[in-house]
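For reference, the structure is listed below as structure tokens.
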Ligand SMILES: [Zn+2]
Ligand SMILES: [Zn+2]
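Numbering (the working numbering), first residue to last: 459 to 610.
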């Protein structure tokens with residue numbers, strides 16, 4: 459095995475995360491073993507700093523999923539707290555996937571705003587379903603749960 463950064467240096471040590479060879483110059487000692495520089499970089503910082511595709515993916519996923527959720531909600535004979543939780547989790551999950559698994563404050567904001575916009579848009583397009591106190595309350599609850607799903 460050879461160092462991933464120095465192809466001429468033979469080594470027996472590999473990165474505990476990506477498994478590539480590491481020479482003594484390239485080893486980084488972490489609490490969970492020896493890693494290469496890339497894998498040792500603080501993952502929380504990387505998670506929080508989103509990329510443009512992650513932001514646009516999250517916004518689109520939030521809008522589309524909550525817009526569709528509004529149509530399904532319209533078919534529900536009654537609202538229940540269980541439905542609210544399920545829809546909140548589903549929209550949150552959609553935003554997470556849209557964000558390619560990223561999380562954090564910015565993505566929480568995206569989840570909250572996009573789910574509110576999506577739900578209210580479909581509500582207005584339909585029967586004005588959400589324009590009553592219960593509908594507004596449930597919409598806000600769904601958005602809140604979706605937001606919480608993106609908590610880092
Ligand atoms: Zn590595
Ligand atoms: Zn090296």
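Where is the CB? At the ideal position from N, CA and C, for every residue including glycine.
- Taken through DSSP and simplified to helix, strand or coil, residue 469 comes out as coil.
- Beta-bridge annotation (DSSP): residue 491 is paired with 488.
- At least 9 Å separates the beta-carbon of residue 478 from that of residue 466.
- By the Cβ rule, the segment 525-535 does not count as touching the segment 561-570, because fewer than three pairs are nearer than 8 Å.
- Cα atoms of residue 539 and residue 575: separation of roughly 20 Å, rounded to the nearest angstrom.
- Bridge partners of residue 461 according to DSSP: 479.
- Comparing alpha carbon positions, the residue from 610, 523, 542 and 482 closest to residue 598 is 542.
- Judged by the Cβ position, residue 581 fails to qualify as a neighbour of ligand 1 at the 8 Å threshold, every heavy atom of the ligand being at least this far.
- Take the alpha-carbon of residue 468 and the one of residue 476: they are about 17 Å apart.
- Note on residue 487: under 16 other CB atoms within 10 angstroms of its CB, so exposed under the neighbour-count rule.
- Taking a C-beta distance under 9 Å as the contact criterion, residue 604 and residue 474 do not qualify as a contact pair.
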